[in-house]
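Okay, so here's the structure we're looking at.
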Amino acid sequence: MVELKTPAEIAAMREAGRVVARALAAVREAASTGVSLVELDAVAAQVMTEAGAKPSFLGYHPRWAPTPYPGVICASVNDAIVHGIPGRYRLQEGDLLSIDCGAAVDGWHGDAAVSFVVGGADPADLALIAATEEALAAGIAAAQPGAKMGDISAAIGTVGRAAGYGVTEDHGGHGVGRAMHEDPPVPNDGRAGRGLRLRPGLVIAIEPMFTRGGLDQYRHDPDGWTLRTTDRTRASHSEHTVAITDAGPVVLTLP
Ligand code: MF3
Ligand code: CO
Numbered sequence: 003m004v005e006l007k008t009p010a011e012i013a014a015m016r017e018a019g020r021v022v023a024r025a026l027a028a029v030r031e032a033a034s035t036g037v038s039l040v041e042l043d044a045v046a047a048q049v050m051t052e053a054g055a056k057p058s059f060l061g062y063h064p065r066w067a068p069t070p071y072p073g074v075i076c077a078s079v080n081d082a083i084v085h086g087i088p089g090r091y092r093l094q095e096g097d098l099l100s101i102d103c104g105a106a107v108d109g110w111h112g113d114a115a116v117s118f119v120v121g122g123a124d125p126a127d128l129a130l131i132a133a134t135e136e137a138l139a140a141g142i143a144a145a146q147p148g149a150k151m152g153d154i155s156a157a158i159g160t161v162g163r164a165a166g167y168g169v170t171e172d173h174g175g176h177g178v179g180r181a182m183h184e185d186p187p188v189p190n191d192g193r194a195g196r197g198l199r200l201r202p203g204l205v206i207a208i209e210p211m212f213t214r215g216g217l218d219q220y221r222h223d224p225d226g227w228t229l230r231t232t233d234r235t236r237a238s239h240s241e242h243t244v245a246i247t248d249a250g251p252v253v254l255t256l257p
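In this text, residue positions in the sequence shown follow this note's numbering: the first is 3, and each later residue adds one.
Quick look at the structure:
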């Protein structure tokens, strides 16, 4: 069931979004060669503690997962697409890191992700990241009241396909509210003019993820969480939580 939020509820969600943005900025600042992923997890946890926010991901246990999620962030390195568990791995020069973070304030969630390269970058990785950012911007621009879900999906998919990237199948965005994952699904590819009508009060996470190898398939790691490209090429992920309002789309996961 799709639940629409009131302007007051969207204002409350903006506070959660602010904490998520701050945590992501702090993690990005801390991410350098030699730093471990668990250390980055602690950085995000600290920001949330100081803000009085609850980490949305920690302990999250959807039906498809073998264990409750053990981190505050997802840290997906190189060929990991999303849901990488922050472990003892230490970042190396040139790693492509995707950090995903969710926080709840007063029971309302925010969910966002950024991708970046640690140290000197392969220009092809920077192009991949620029593409998921461009697709996210295009998806947000399409999130207008009265438009259709397919307009968002088509905007995202078009950017990825035009560049020859893989667009991870069956894995995209979602509604956000009192639960981190709500209806409706927000597919990363689709046909303009189709699907759910976007109404003011709808709040969704838009999250393009592209792979350099051009394949849409992925595999789960033995941990049951990490999605990895089957061809081992690198992936990028960009995400914001966005409210559809009478005045147009409003990004909630900004500082
Ligand atoms: N942005 C990610 C998603 O919607 C957040 C996953 S949280 C996790 O899939 F706990 F499931 F990892
Ligand atoms: Co999400």
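All C-beta atoms in this analysis are idealised placements derived from N, C-alpha and C, irrespective of residue type, glycine included.
Everything numeric in this text was worked out from a predicted model, so none of it was measured.
Environment of G226 [buried if 16+ CB atoms lie within 10 Å]: Start at 1 with the first residue of the sequence shown, and residue 226 comes out as number 224. Answer is exposed; the Cβ neighbour count stays below 16.
Looking at I131: is its Cβ nearer than 9 Å to the Cβ of P251? For the purposes of this step, residue 131 is taken as the residue at position 129 of the sequence shown. For the purposes of this step, residue 251 is taken as the residue at position 249 of the sequence shown. No; because the gap between Cβ atoms is not below 9 Å, this pair is not in contact.
Per DSSP, which residues does L99 bridge with? Please list them. Here residue 99 refers to the residue found at position 97 of the sequence shown. Bridge partners of L99: V79, F118.
If G96 sits next to V120, beta carbons under 8 Å apart, how far is it from one beta carbon to the other, in whole angstroms? Locating residue 96 in the sequence shown gives position 94, where the first residue counts as 1. Locating residue 120 in the sequence shown gives position 118, where the first residue counts as 1. So it is a contact: roughly 7 Å between Cβ atoms.
Roughly how far, in whole angstroms, is the beta-carbon of D127 from the beta-carbon of L93, given that I think they are within contact range, below 8 Å? To locate residue 127, count along the sequence shown from 1; it is residue 125. To locate residue 93, count along the sequence shown from 1; it is residue 91. Going by Cβ atoms, the distance from D127 to L93 rounds to 14 Å, so no, they are not a contact pair.
Hey, would you say the C-beta of D102 is under 8 Å away from at least one heavy atom of the ligand NAP? Among the ligands present in this structure, namely the ligand MF3 and the ligand CO, the ligand NAP is not found.
Tell me, please, which residues DSSP counts as bridged to E241. Walking along the sequence shown from the start, residue 241 turns up at place 239. DSSP, once it has assigned bridges, lists A115 as partnering E241.
What whole-angstrom Cβ distance do R193 and A156 have, given they're in contact under 8 Å? Translated into the one-based positions of the sequence shown, residue 193 becomes position 191. Translated into the one-based positions of the sequence shown, residue 156 becomes position 154. Yes, R193 and A156 are in contact; Cβ-Cβ is about 6 Å, under 8 Å.
Could you give the DSSP three-state label for M3: helix, strand or coil? Position 1 of the sequence shown, counting from 1, holds the residue named residue 3. DSSP places M3 in coil when its eight states are reduced to three.
Buried or exposed for W66, please, with buried defined as at least 16 other CB atoms from any protein chain shown within 10 angstroms of its CB. As a position in the sequence shown, residue 66 is number 64, starting the count at 1. The residue in question, W66, is exposed, as its Cβ has fewer than 16 Cβ neighbours within 10 Å.
If you drop the 5 nearest sequence neighbours on each side, which residues of the same chain put their C-beta closer than 7 Å to that of D218? As a first step, residue 218 must be located in the sequence shown, where it is residue number 216. So the list reads G168, V169, T170, E171, once near-sequence residues are dropped.
Measuring only the C-alpha atoms, how far is Q146 from G203? As a working note, residue 146 is residue 144 in the sequence shown. As a working note, residue 203 is residue 201 in the sequence shown. Approximately 11 Å, taken between the alpha carbons.
With respect to 8 Å, is the separation between the Cβ of D172 and the closest non-hydrogen atom of the ligand CO below this value? Along the sequence shown, read from residue 1 onward, the residue named residue 172 stands at position 170. Outside the cutoff, so no.
Nearest neighbour of E41, chosen from A55, K56, A53, A25 [CA to CA]: If you number the sequence shown from 1, residue 41 lands on position 39. That would be A25, whose Cα lies nearest to the Cα of E41.
Measuring straight from C-alpha to C-alpha, what distance separates V205 and D124? Numbered from 1 along the sequence shown, position 203 holds the residue referred to as residue 205. Numbered from 1 along the sequence shown, position 122 holds the residue referred to as residue 124. Answer to the nearest angstrom: the Cα atoms are 35 Å apart.
Given T187 as reference, the closest of G174, R180, R196, R201 once Cα atoms are compared: On the sequence shown, position 185 is the one that residue 187 refers to. At residue 187 the sequence reads Pro, which differs from the Thr that was named. Residue G174 is the option with its Cα nearest to P187.
At what residues does the alpha helix (DSSP H) containing I158 begin and finish? Indexing the sequence shown from 1 puts residue 158 at position 156. Per DSSP, I158 belongs to the alpha helix (DSSP H) from 151–164.
Taking only the alpha-carbon atoms, compute the straight-line gap between S117 and L229 and give it to the nearest angstrom. Residue numbering aside, residue 117 sits at position 115 when the sequence shown is read from its first letter. Residue numbering aside, residue 229 sits at position 227 when the sequence shown is read from its first letter. The straight-line gap from Cα to Cα measures roughly 15 Å.
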